[in-house]
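To start, the structure under review is shown below, and the notes come after it.
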Amino acid sequence: MNATDRSGGEGLAVRGLSVSLEGHKILRDLQLSVRRGEILALLGPSGCGKTTLLRTIAGLQAPAGGSVSWAGEDQRSVPAHRRRFGMVFQDHALLPHRNVGANVAFGLRMQKIPAPERRRRVAEMLQMVGLEGYDRRSVATLSGGEAQRVALARALVTEPKLLLADEPFAALDRPLHDRLLADVRRILTELHQTAIHVTHDHTEAFALADRVALMRDGRIHRTATPQQLRDDPQDAWTATFLGLGTIWQPAPAGGVTATGELRTPWGALILPAPTAAGVGNAARELCLLIRPQAVELHRPDGVSAIISDVRVVGDRTVATFQVTSAPPVDGYVAAGATPGQTATITLDPTGVTLLSPE
């Protein structure tokens, strides 16, 4: 596959895009850009407009206003089948009465690619997606993961300028989902393939994408790298949606001492200097993100708490601690902790982040 002409330079630009369906505004003056060769995840809750945006970029939905361009060329008058944008859906939509090779070659036939070239490109793509030798297999014999690999091969074999994927892994079990996700990132990276991947799962978005565009209420709320979103969520909505920890919003700011001490239901918190300055100078409400790693146990200066819940998350055990007149706060504990146990807890300021309330 020729990948060198698909990396670098100007790619997709969406400017002022608005879409209304049945009288309801779905997309509102939306702005988005994707560089060539970049994998961008479109992440947001159900109903925020992710799929509508993808369909509008593809040319399947007419916008009420704004523009979609590729490499500086306006695409609004270009029909979907001439945009050379590939698509992969949760429903892989394979042709049931054709074998794997014929399914992968479908787009090449539409492009009138000669048969020898079709066979070469199909074989090359099947090898890339881990299905070498599957060309004569019936699609009815494929597992869910194999079917999605065939759908991906079908979309990529035509060398699209842009790949659009709408939650293609949502129906797969977690181990298969994770393996396929890693393979897809490898394939897209090797091909320098520009891609937009829609998902509501932040772990999926973070594992796959170079950058993540957070959608909220028909707009792009923020675009950043996965690490930037994790380390600096900036606002309470983002931190809550990403499940980064407990949000604490007390009375308006102003109770920070000259030494940077802030009193919380979990004890006095000595904030790092930049955070303390931000809190002390804030005219708006104070909002803190308390990450699980901030909760320290069995300190003599801690406050008494009761464990109300214990659950296993990945390779860590997480407990929910309840303190009088405070929201529940999650922290990491050793295996064997049980609900009803008591503990003394304090907060490590390095695990606390100052946020905007909105």
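Its first residue numbered 1, the sequence shown is counted upward by one per residue in the numbering used here. Using N, Cα and C, we set each Cβ at its ideal position, and we do this for glycine too.
Where residue i sits in the DSSP three-state scheme
i	result
D330	strand
H298	coil
Q341	coil
D173	coil
A41	strand
V19	strand
E73	strand
E261	strand
Q31	strand
L142	coil
L242	coil
G254	With a pLDDT of only 48 at G254, under the threshold of 50, the placement of this residue in the model should not be trusted, and no figure is reported.
R222	strand
L12	strand
Cα-Cα separation between residue i and residue j, rounded to whole angstroms
i	j	result
P357	A62	35 angstroms
P160	T264	54 angstroms
T187	R291	The identity of residue 187 in the sequence shown is Ile, whereas the question assumes Thr. Cα-Cα distance, rounded: 34 angstroms.
A41	A224	10 angstroms
V303	A326	12 angstroms
S69	R83	10 angstroms
Q75	S67	8 angstroms
A153	F106	11 angstroms
H200	P233	17 angstroms
Enclosing alpha helix (DSSP H) for residue i [first to last residue]
i	result
E124	115–128
R211	Here R211 belongs to no alpha helix (DSSP H); instead the beta strand (DSSP E) covers 211–216.
A335	That residue, A335, is in no alpha helix (DSSP H); it is neither H nor E in DSSP.
L53	50–58
L131	Looking at the DSSP string, L131 is not in any alpha helix (DSSP H), and its letter there is neither H nor E.
Residues bridged to residue i [DSSP beta-bridge criterion]
i	result
D166	F89, V198
G65	S18
S308	In DSSP, S308 forms no bridge with anything.
L347	V295
Range covered by the beta strand (DSSP E) that runs through residue i
i	result
G267	267–270
V318	316–322
L289	288–290
L355	Element bounds for L355: n/a, residue is neither H nor E.
task: Take every Cβ of the segment 53–72, pair it with every Cβ of the segment 98–111, and state whether three or more of those distances are shorter than 8 angstroms.
output: Touching, no, given that fewer than three Cβ pairs across the two stretches are closer than 8 angstroms.
query: Do three or more CB pairs link the segment 114–134 to the segment 69–82 at distances below 8 angstroms?
result: Not touching, per the Cβ criterion.
field: Cβ contact check for the segment 316–325 and the segment 191–204: 3 or more pairs under 8 angstroms
entry: The segment 316–325 is not in contact with the segment 191–204.
The segment 6–26 in contact with the segment 201–211 per 3-pair CB rule at 8 angstroms: No, because fewer than three Cβ pairs between the segment 6–26 and the segment 201–211 fall closer than 8 angstroms, the two stretches do not touch.
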